[in-house]
Ligand SMILES: [Zn+2]
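In our numbering, the protein residues as written are -6 to 77.
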């Protein structure tokens, strides 16, 4: 099955992306996220589980339960397990 880009219908390629999220004036960087990137328009798509992990990190960050501002996808996995 070949997935198509929801924006332009272009071809998607597996890739690693970096997500920058501004929270209360502080930049949270999540690196090395598995994603699919459109070869045509550059739209990046992360799967549902990855998105949930990102949301969890953002919540923890907002509540000052974590202080670091840079994560890799691997650390998200470790933290999601530890915080569950
Ligand atoms: Zn596209």
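All C-beta atoms in this analysis are idealised placements derived from N, C-alpha and C, irrespective of residue type, glycine included.
When DSSP labels each residue in this structure, what does residue i get in the three-state scheme?
i: residue 10; result: strand
i: residue 23; result: strand
i: residue -3; result: strand
i: residue 65; result: strand
i: residue 60; result: coil
From this set, the options, which residue's C-alpha is nearest residue i's C-alpha?
i: residue 6; options: 64, 54, 37 and 53; result: 37
i: residue -4; options: 72, 21, 19 and 28; result: 28
i: residue 26; options: -2, 40 and -1; result: 40
i: residue -1; options: 11, 31, 14 and 13; result: 31
i: residue 45; options: 15, 8 and 74; result: 74
i: residue 55; options: 43, 16 and 67; result: 16
i: residue 43; options: 57, 12 and 3; result: 12
Could you pull out every residue in the same chain whose Cβ sits closer than 8 Å to the Cβ of residue i, ignoring the five residues on either side in sequence?
i: residue 64; result: 21, 22, 23, 24, 50 and 72
Excluding five sequence neighbours on each side, which residues of the same chain lie with their C-beta closer than 7 Å to the C-beta of residue i?
i: residue 19; result: 62
Give every residue of the same chain whose Cβ lies closer than 6 Å to the Cβ of residue i, excluding the five residues on either side of it in the sequence, and list them in chain order.
i: residue 1; result: 33 and 34
**Item:** Continuous alpha helix (DSSP H) assignments of at least 4 residues falling wholly in the segment 33 to 58
**Value:** 41 to 55
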